[in-house]
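Some notes on the structure that comes next.
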Amino acid sequence: MKSEPSEVSIDDLAARPGQTVPWDGVRNYQARNFMRNQMQLGDLAFFYHSSCAEPGIAGIVEISRLAYPDETQFNPQSKYFDPGATRENPRWFNVEVRFIRKTRLFSIKELRSYPELAGMRILQKGNRLSITPIDPSEWKFIEVQL
DNA sequence: GCCAACGTTGGC
DNA sequence: GCCAACGTTGGC
């Protein structure tokens, strides 16, 4: 799960009350569907810092609340406001994640260096999804090196 | 700041 | 339903 550290970094998450954050503001249908249809309570995810000086995996989080309607879509003040969404018929959903631990920075450069990880969605050319599923074998390969 | 790649929008 | 134009993403 990608987050810009200037918005929410792994340290920001660790400092929050309850060490949780709603993963709101996602406005891509595929990413929404991963959250709404696939994610289960207790599922683990890598917390990835994107659009920054050192992009890469920076920590591990768990899903602490199942997907529910993203509050920001209803707020005209929010940059994520969606005039096409109603409370009766919400368009966007988000899970909540909880801090598990910080890791060393496992950079995108290093991720790219391992043939074992070449199939990772996040490494594919042109990938723009902020949320992508990860193969269990890829998870293990990375986790033991963190 | 650049720019390739992609998703969305909207006129037709 | 097509597709050009536009906006966004995100590594570099």
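Quick note, my numbering runs 73 ahead of the 1-based positions in the first sequence. No residue lacks a Cβ here, since even glycine has one placed at the ideal position from N, Cα and C. Model, not experiment: these values are computed from the prediction.
| Check | Outcome |
| --- | --- |
| Pairwise C-alpha distance: Pro-142 and Arg-164 | 8 angstroms |
| Under 8 angstroms between C-beta atoms of Ala-104 and Leu-178 | no |
| Arg-89 in three-state terms, based on DSSP | coil |
| Cutoff 6 angstroms; reference Ala-118; Cβ partners in own chain excluding five residues on either side | Met-74, Val-134 |
| Cβ neighbours of Thr-176 in the same chain (closer than 7 angstroms, five flanking residues each side left out) | Ile-130, Ala-131, Gly-132, Ile-133, Leu-219 |
| Whole beta strand (DSSP E) elements within the region 91 to 137, 3-residue minimum | 93 to 95, 117 to 122 |
| CA nearest to the CA of Asp-97, picked from Val-170, Ser-210, Gln-197, Ser-79 | Val-170 |
| Ser-79, buried or exposed, once every other Cβ within 10 Å from all chains shown has been counted against 16 | exposed |
| 6 angstroms CB neighbourhood of Asp-116 in its chain, flanking five on each side removed | Ile-136 |
| Burial state of Glu-211, where buried means 16 or more other Cβ atoms lie within 10 Å | buried |
| Cβ neighbour criterion (16 or more within 10 Å) applied to Phe-172 | buried |
| Same chain, Cβ closer than 8 angstroms to Leu-139, five either side skipped, listed in chain order | Met-112, Gln-113, Leu-114, Val-168 |
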